[in-house]
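The sequence shown begins at 0 in numbering that gives the first Met the number 0 and counts up one residue at a time.
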Amino acid sequence: MRKRDEAWREEVKEVTVKYTSLVKLVKATNSERVKVDSLKTESNSLDKEFEEAMRAEIKKMSAEVTRSTEDAERATQQAQGLADELARLRRLMRAAGATKLPNAEDLA
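Okay, here's the thing in structure tokens:
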């Protein structure tokens, strides 16, 4: 009977130690879970901030590309206009050259 009581007490001590250890682990796990949740919330917040910053930057770049494209189109049109005008002036000069103008020597 005494041996049985001793074995039972020994088993109760082991269970108590295991239970105490388990309680500590559960508390530590809960503490870590709170930390993880906090980090997750912070990460989500930072992700949203980064996304908003990138959206603003992309919008700004898109506006710059649009403006640059419009500037290039205007420059192309202006260059084409100048090329057309140069061609017209050359035609006029050739036409004027074809109608023989008197030389400076002939006038002297």
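Backbone N, C-alpha and C define an ideal beta-carbon position, used for all residues, glycine too.
- request: Could you pull the start and end residues of the alpha helix (DSSP H) that Thr19 belongs to?
  value: The sequence position of residue 19 within the sequence shown is 20, counting from 1. Per DSSP, Thr19 belongs to the alpha helix (DSSP H) from 1-97.
message: Taking the straight line between their C-alpha atoms, what separation do you get for Ser42 and Glu50?
response: Along the sequence shown, read from residue 1 onward, the residue named residue 42 stands at position 43. Along the sequence shown, read from residue 1 onward, the residue named residue 50 stands at position 51. Each residue's Cα considered, the two are about 12 Å apart.
task: In angstroms with no decimal places, state the Cα-to-Cα distance between Glu63 and Ile57.
output: Start at 1 with the first residue of the sequence shown, and residue 63 comes out as number 64. Start at 1 with the first residue of the sequence shown, and residue 57 comes out as number 58. So the alpha carbons of these two residues sit roughly 10 Å apart.
- prompt: Just how far apart, CA to CA, sit Arg73 and Ala86?
  reply: Walking along the sequence shown from the start, residue 73 turns up at place 74. Walking along the sequence shown from the start, residue 86 turns up at place 87. Computed Cα separation, rounded: 20 Å.
message: Tell me the rounded alpha-carbon separation between Leu76 and Leu88.
response: The residue given as residue 76 occupies position 77 in the sequence shown. The residue given as residue 88 occupies position 89 in the sequence shown. Contrary to the premise, residue 76 reads as Gln rather than Leu in this sequence. Their Cα atoms are separated by approximately 18 Å.
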